[in-house]
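Right, one structure below, let's go through it.
Protein chains: 2
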Amino acid sequence: MVKGEGVWVWDAEGRKYLDCYNNVPHVGHCHPKVVETIAKQAATLNTHTRYPHAGILDYVEALTDTFDDPLNTAIMTCTGSEANDIALRMAQAVTGNMGVIASDQTYHGNTVAVSQLSRTNPPPGGFWDHMAFVPAPDSYRPLGGEGGMAHAQAFADEVQKQIDALAERGHGLSCLIICPYFANEGFPDLEQGWLAPAIEKVRAAGGIVIADEVQPGFGRVGSHFWGHQRAGFTPDVVTLGKPMANGHPVGGVVTSMEVMSAFRNSFKYFNTFGGNPVSAAAAMATLKVVQEEGLQQNALEVGNYAREGLRKLAETHACIGDVRGSGLFFGAEMVLDRATKEPAAAFVKRVANGMRQKGVLLNFLGVNYNALKIRPPMCVSRENADLMLETLDQVLTETPLEP
Amino acid sequence: MVKGEGVWVWDAEGRKYLDCYNNVPHVGHCHPKVVETIAKQAATLNTHTRYPHAGILDYVEALTDTFDDPLNTAIMTCTGSEANDIALRMAQAVTGNMGVIASDQTYHGNTVAVSQLSRTNPPPGGFWDHMAFVPAPDSYRPLGGEGGMAHAQAFADEVQKQIDALAERGHGLSCLIICPYFANEGFPDLEQGWLAPAIEKVRAAGGIVIADEVQPGFGRVGSHFWGHQRAGFTPDVVTLGKPMANGHPVGGVVTSMEVMSAFRNSFKYFNTFGGNPVSAAAAMATLKVVQEEGLQQNALEVGNYAREGLRKLAETHACIGDVRGSGLFFGAEMVLDRATKEPAAAFVKRVANGMRQKGVLLNFLGVNYNALKIRPPMCVSRENADLMLETLDQVLTETPLEP
């Protein structure tokens with residue numbers, strides 16, 4: 121790739137692609153307001169936070185204004201991995217415990233500690249004894265059966281099972297860490313409040329809840345600014361990353377004064393580049409564009425429109441087993457047979473490659489790696505969605521539905 | 121602070137300071153070539169390395185050209201902490217062992233894993249059983265006594281003691297991780313080859329050597345481009361950070377193809393922002409400025425000139441016990457009494473504050489926190505050094521030498 125603008129990228133041969141995958145250029149590739157802000161601040165001052173600068177204060181105020189009480193303070197980092205690495209220590213500081221529960225199909229980042237959260241990539245040397253995993257929620261094949269809150273209760277029971285297992289191994293509960301949208305798990309359809317029974321178990325055991333908003337945050341889910349607001353709960357700690365500064369390396373941890381004080385009193389922490397004047401300015405410009413250009417509303421509208429289009433495609437393409445998602449993070453689960461729901465993982469990979477060959481970038485993910493993952497920059501239009509849908513119609517027609 | 125240019129920064133009240141402390145704006149605050157490069161690339165494309173881009177390849181080639189064989193490949197990260205977090209896993213991948221030896225006065229970064237390397241900030245919950253520490257080298261009060269290589273042999277013996285202690289606790293040796301300049305330890309004067317006996321012990325025990333070049337690297341030590349070249353050894357893994365892109369969040373790990381392959385075969389690793397087109401361009405611009413503007417040579421010359429000035433000040437100021445350093449990372453150890461070498465830690469803190477009040481920024485560090493730390497941007501001139509020395513002369517005259 122050599123060039124980007126809005127929802128478009130160009131490769132070195134001059135081919136143009138509709139980018140329906142990239143959540144890093146959140147407000148569009150090379151948004152002029154973000155670019156101008158970076159250029160201006162880089163020419164004025166860029167140093168670290170040992171040299172006090174107002175930019176980080178202004179940004180943290182603007183950022184925490186988008187959160188519910190008591191989430192009103194933050195640490196700025198350079199990556200979502202660093203944010204989760206801090207969040208685990210905040211949980212340790214608050215609870216005095218080490219036991220961590222995560223989903224068995226998640227990814228929270230790349231540090232030594234955060235890599236321990238990925239059941240799908242077992243770390244050489246093995247998992248730490250205080251790590252525990254629960255089955256990822258799957259609304260298409262719900263644990264506990266269809267209907268009502270049986271699935272939610274089954275998930276809560278799995279959480280309790282791991283709380284007990286940790287206790288048996290001598291570990292008190294520190295936290296449950298989840299993506300509130302379960303993005304890597306294939307963004308299952310879960311009604312608001314679905315997580316309440318599980319969170320109740322966590323808090324009853326003295327643990328806290330960390331919401332990793334790296335994927336659903338900053339308005340992407342359309343209906344709400346944050347994934348946890350859509351899910352209907354207030355986490356103790358929220359971690360941020362990828363879309364936060366439209367590609368500039370910025371992450372963050374948002375929490376309450378109480379949790380922050382516990383962390384600051386227990387751990388020394390300084391991040392050289394975190395919240396530097398240029399990083400803070402880039403993050404502020406990105407947040408302002410989301411708010412001023414109404415991109416959350418656009419995510420809601422274009423997302424609904426595109427999902428409607430996917431449902432129409434399902435009428436003629438039997439491979440589409442389930443259309444899911446919210447705002448501009450959505451997709452369709454591909455199956456070899458709608459009755460058996462047998463995952464079409466190899467097929468969806470061929471579809472993703474076929475789309476790329478026709479100039480539309482998207483990807484796949486999920487518990488069975490068979491869900492199409494569509495996640496364009498937040499400025500995507502209905503016309504762009506039409507192009508994606510028409511191309512998908514062609515590719516699904518041309519690609520044999522085979523294992 | 122609101123503005124920076126070259127070696128100068130301005131605060132919100134318009135006061136101008138000579139920055140003799142900041143190693144992040146390596147080639148000078150807001151260097152126009154770096155600023156222009158960032159602005160241009162940010163306006164063209166900024167995405168992550170799942171979208172291939174030539175910038176990271178060009179940079180890694182230019183970077184590894186400055187290293188000796190077999191250090192010819194690299195991973196780009198966003199911070200030095202991330203780099204050290206990877207380096208520890210490289211050592212694990214190569215050796216199959218977990219035992220890590222570090223100096224007892226060092227700092228290598230802020231992740232959960234890397235925080236385990238800081239004896240000076242004990243992590244809540246305690247050190248992992250496989251961490252071990254050796255006394256920091258101190259050329260002013262050498263372990264093993266003055267003269268010849270007795271100090272070096274004493275350090276090697278301490279390393280061997282920790283290799284044996286790790287083995288007794290059931291841990292094979294993974295690595296020795298050091299700043300080759302022992303920057304936080306107070307940059308002791310150690311002759312070239314001083315580390316050879318210790319490195320021999322490490323390699324005999326099957327371990328590898330990680331050189332953390334976050335502080336001495338990119339020409340700062342004047343005589344060489346890298347601290348380990350000045351120290352006279354070739355590490356297995358080199359980690360980079362702060363100065364790498366003049367303030368843009370960039371770090372990196374340089375190693376051999378052999379170590380890289382072992383790491384890539386054992387660990388999955390992806391860094392969203394690491395080596396993105398803007399980060400790679402900012403790093404490339406910074407490297408080019410260092411090379412094209414002869415900043416390593418400037419570091420050598422101005423550093424020698426400034427140290428000569430410090431030695432002259434020592435003739436009239438009894439508090440200066442030892443003048444040390446190389447290139448543009450130097451300082452003076454302050455003592456209450458030259459005969460007893462009693463550290464003047466509270467005094468040096470007052471001196472650093474006095475300097476700030478007179479418009480010159482510097483800091484202090486070292487085993488006893490009594491060494492003045494002078495580390496200006498690489499474009500500092502003799503005239504700037506004169507201003508720093510004249511101001512220091514005044515402050516030392518006005519500050520009573522008291523505990």
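From first to last, the protein sequence lines stand for chains A and B. End of the first sequence = 523 in this note's numbering, gap-free, step of one. End of the second sequence = 523 in this note's numbering, gap-free, step of one. Ideal placement from N, C-alpha and C gives every residue a C-beta, glycine not left out.
Of A/Phe450, A/Gln335, A/Gly229, the smallest CA-CA separation from A/Asn204 is found for A/Gly229. Along the stretch 197-208 of chain A, going in chain order, the ones with a CB nearer than 9 Å to a CB of chain B are Thr197, Cys198, Thr199, Gly200, Ser201, Glu202, Asp205, Ile206, Leu208.
Around the beta-carbon of B/Asn385, fewer than 16 other beta-carbon atoms lie within 10 Å, marking it exposed.
DSSP, read as helix, strand or coil, puts A/Gly429 in helix. Under the criterion of beta carbons closer than 8 Å, A/Ala252 and A/Val232 do not qualify as touching, at roughly 18 Å.
Proximity of chain B to A/Val144 at the Cβ level (cut-off 7 Å) is accounted for by Thr167, His168, Thr392, in chain order.
What A/Phe387 touches in chain B, judged by beta-carbon distance under 7 Å, is Pro244, going in chain order. Measuring C-alpha to C-alpha distances from A/Cys295 to each of A/Gly395, A/Ala213, A/Ser399 identifies A/Ala213 as the nearest. Under the Cβ distance rule, B/Tyr179 does not count among the residues neighbouring chain A, no pair being separated by less than 8 Å. B/Asn241 reaches chain A at Lys388, counting residues in chain order whose Cβ is nearer than 7 Å. Inter-segment contact for the stretch 366-378 of chain B and the stretch 395-403 of chain A is present: three or more beta-carbon pairs are separated by less than 8 Å. Around A/Tyr489, no beta-carbon contact reaches into chain B at under 7 Å, the shortest distance being about 15 Å. For A/Met377, the uninterrupted alpha helix (DSSP H) run begins and ends at 377-386, by DSSP. Taking 8 Å as the CB threshold, A/Tyr425 stays off the interface with chain B.
Restricting attention to B/Lys153, B/Phe393, B/Arg444, B/Phe187, the CA atom closest to the CA of B/Glu305 is found in B/Arg444.
Listed in chain order, the alpha helix (DSSP H) runs fully inside the stretch 123-196 of chain A are 152-164, 174-184, counting runs of at least 4 residues.
The Cβ neighbour count for A/Pro145, taken over all protein chains shown within 10 Å, is at least 16; the residue is labelled buried.
When Cβ-Cβ separations below 8 Å define contact, B/Met475 makes no contact with chain A. Contact check for B/Phe484 against B/Leu521 fails: the beta carbons are separated by 8 Å or more. For A/Glu453, the enclosing beta strand (DSSP E) stretches over residues 449-457.
Each residue's CA atom was taken as its position, placing A/Asp258 and A/Arg289 some 28 Å apart.
Within the same chain, Cβ atoms closer than 6 Å to the Cβ of B/Val129 are found at Met121, Tyr137, Asp139, the five residues on either side in sequence being excluded. A/Asn490 sits close to A/Glu453, with the two beta carbons spaced by under 8 Å. Looking at the DSSP output, A/Arg444 shares a beta bridge with A/Gly451.
Contacts with chain A at 8 Å (Cβ-Cβ) include B/Thr164. Nearest C-alpha to A/Gly124 among B/Val155, B/Lys478, B/Val154, B/Lys160: B/Lys160. Among the residues of chain B, none has a CB under 8 Å from the CB of A/Ile494; the nearest is roughly 16 Å distant. Of the candidates B/Ala256, B/Asn217, B/Phe390, the residue whose Cα lies closest to the Cα of B/Ala272 is B/Ala256. Contacts with chain A at 8 Å (Cβ-Cβ) include B/Ser399.
Distance check between B/His250 and each of B/Tyr227, B/Asp284, B/Thr240 places B/Asp284 closest, using alpha-carbon atoms only.
Inclusion of A/Val515 and A/Met475 in the CB contact set at 8 Å is warranted, their separation being smaller than that value. The stretch 465-495 of chain B is shown to contain whole alpha helix (DSSP H) runs of 4 or more residues at 465-477, in chain order. DSSP places B/Phe393 in the coil class of the three-state scheme, outside both helix and strand. Ranked by Cα distance from B/Glu378, the options B/Gly361, B/Phe393, B/Gly372, B/Val357 are led by B/Val357. Given a length threshold of 4 residues, each whole run of the alpha helix (DSSP H) inside the stretch 231-318 of chain A is given here in chain order: 232-235, 270-288. Taking B/Gln349 as reference, the option from B/Ala505, B/Pro152, B/Pro336 with the minimal CA-CA separation is B/Pro336.
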